[in-house]
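Asker: Under numbering that gives the first Met the number 0, the letters of the sequence shown match residues 0 to 220, in that order. Take this structure, written in C-alpha cells, and hold onto it; I'll ask about it next.
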Amino acid sequence: MKVIVSQEIEQVCPDFVGACVEAEVVNTPYCEPLWQEINAMGAHFRETLTTESLKQIPSIEATRKVYRACGKDPSRYRPASEALIRRMLQGKELYQRDTLVDLINLASIAYGYSIGGFDADKFVGDTLTLGVGRHDEPYEGIGRGMINIEGLPVYRDAAGGVGTPTSDHERTKMQLSTTHLLVLINGYDGCEERVSANAEFIQGLLRRYAESDGGSYFLYR
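Shown next, in the form of C-alpha cells:
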C-alpha cells in the first residue's frame with residue numbers, strides 16, 4: 000500500500016509524519032491479558048492526568064491544532080486518542096469490541112496518537128491519500144452513522160474516505176474475519192521518534208495477542 004500526504008495537509012501541518020503498519024493477523028473476540036494492559040494504563044492515567052491536562056500531551060495538542068487549522072472544533076469532534084483517554088479519566092470503561100480493535104485503542108492511548116486500524120483487503124486500489132474532508136462528502140463512521148467530515152483530515156482510497164482521526168469508516172472496518180491488517184499512525188506533532196516507537200509498540204502487541212510476526216512498517220510524510 001502506498002500512502003500520499005496531500006498539499007492540503009502539508010499546508011496546515013508541514014511537519015506531519017505518519018507510520019503504516021501492515022501484518023497478517025488472527026483476530027479473536029476477547030483477550031484477557033490485553034485488557035489487563037489496558038486497565039493498568041487507565042489506572043496510571045487517573046493518577047497522572049486530568050481531562051484538561053491530557054490536552055497538553057504533545058501528540059493530542061498537535062492534532063487539536065490541525066483540526067482548528069482545517070476549520071473543525073476539536074472539542075466537538077474529538078480526536079479518538081483524546082476521547083479514549085478522557086473516557087478513562089471519567090471512570091468509564093472503554094468499549095470492548097474484539098482483540099484487534101482493543102489492541103489499536105491501547106496503542107492510541109499509550110502514545111496519544113489517533114490511529115486508524117483497517118481490514119486491508121477491503122481497500123479499493125493500492126493508494127491511500129491523506130487530505131481534508133469536503134462539504135457534504137458522504138462518510139459513515141463506525142457505529143456513528145453518517146457524520147460531517149468537512150474540515151477533518153481524511154484518508155481516501157479509490158472509492159472515497161476510509162479514516163479520520165475522529166472515526167474510521169464502516170466500509171473498511173476490522174472484523175473477526177480480518178486477517179490482513181493495516182494500521183495508520185497520525186503524527187501531527189512531527190515527532191518521528193515517537194511515531195516509530197508507536198509502530199514498534201503495535202508490532203509487539205500483534206506478536207503477543209494476534210498470532211502475528213508483527214509485520215512491517217514504514218514512515219511517510
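C-beta atoms are modelled at their ideal positions from N, C-alpha and C, and glycine is treated no differently.
Which residues in the same chain have their Cβ closer than 8 Å to the Cβ of VAL25, if we skip the five residues on either side of it in sequence?
Answerer: For VAL25, where only same-chain residues beyond five positions count, the Cβ hits under 8 Å are THR178, ALA209, GLU210, SER211.
Asker: Could you tell me the alpha carbon to alpha carbon distance between ARG77 and THR165, rounded to whole angstroms?
Answerer: Each residue's Cα considered, the two are about 6 Å apart.
Asker: Contact between the region 67-77 and the region 91-109: three or more CB pairs below 8 Å?
Answerer: They do not touch, by the three-pair rule.
Asker: Which residues mark the beginning and the end of the alpha helix (DSSP H) in which SER113 is found?
Answerer: Here SER113 belongs to no alpha helix (DSSP H); instead the beta strand (DSSP E) covers 113-118.
Asker: Pull the bridge partners of SER215 from the DSSP assignment, please.
Answerer: Per DSSP, GLU21.
Asker: By the three-class DSSP mapping on this structure, what secondary structure does VAL123 have?
Answerer: Three-state DSSP puts VAL123 in coil, outside helix and strand.
Asker: Report all residues from its chain with a CB closer than 8 Å to the CB of GLN95; omit the five preceding and five following residues, and keep chain order.
Answerer: Excluding residues within five positions, the ones whose Cβ falls inside 8 Å are TYR29, TRP34, ASP101.
Asker: Can you pull the DSSP bridge partners for MET145?
Answerer: BP columns for MET145 point to GLU139.
Asker: Would DSSP call LYS1 helix, strand or coil?
Answerer: Of the three classes helix, strand and coil, the one that applies to LYS1 here is strand, per DSSP.
Asker: Are the region 117-132 and the region 156-170 touching by the rule of at least three beta carbon pairs closer than 8 Å?
Answerer: A contact exists between the region 117-132 and the region 156-170.
Asker: Quick check on DSSP: helix, strand or coil for PRO164?
Answerer: Looking at PRO164 - three-state DSSP - the assignment turns out to be coil, as it is neither helix nor strand.
Asker: For TYR187, name the three-state secondary structure that DSSP assigns.
Answerer: In this structure, TYR187 counts as coil in the three-state DSSP scheme.
Asker: Rounded to whole angstroms, what's the CA-CA distance from GLY150 to PRO137? Just pull it up for me.
Answerer: Approximately 13 Å between the Cα atoms of the pair.
Asker: Which first and last residues belong to the alpha helix (DSSP H) in which ARG96 is found?
Answerer: That residue, ARG96, is in no alpha helix (DSSP H); it is neither H nor E in DSSP.
Asker: Looking only at DSSP bridge pairs, what is ARG180 linked to?
Answerer: Per the sequence shown, residue 180 should be read as Leu rather than Arg. Note: LEU180 sits in a beta bridge opposite ALA22, ASP118.
Asker: Between the Cα of THR27 and the Cα atoms of LEU205, ARG220, GLY214, TYR216, which residue gives the shortest distance?
Answerer: The option with the nearest alpha carbon to THR27 is LEU205.
Asker: Excluding the five sequence neighbours on either side, which residues of its own chain have a C-beta within less than 6 Å of the C-beta of PHE117, listed in chain order?
Answerer: These residues qualify, in order along the chain: THR171, LEU181.
Asker: ILE108 to HIS134, Cα distance in whole Å?
Answerer: Roughly 30 Å separates the two Cα atoms.
Asker: Would you kindly work out how many angstroms separate the C-alpha atoms of ILE146 and TYR66, rounded to a whole number?
Answerer: Going from the Cα of ILE146 to the Cα of TYR66 covers about 16 Å.
Asker: Can you give me the Cβ contacts of ARG63 inside the same chain, cut-off strictly under 6 Å, excluding the 5 residues immediately before and after it?
Answerer: For ARG63, where only same-chain residues beyond five positions count, the Cβ hits under 6 Å are PRO73.
Asker: Within 10 angstroms of the Cβ of LEU175, are there 16 or more other Cβ atoms? Answer buried if so, exposed if not.
Answerer: Result: exposed.
Asker: Answer yes or no: do GLY162 and GLY115 have a C-beta to C-beta separation smaller than 8 Å?
Answerer: In contact: GLY162 and GLY115 (Cβ atoms closer than 8 Å).
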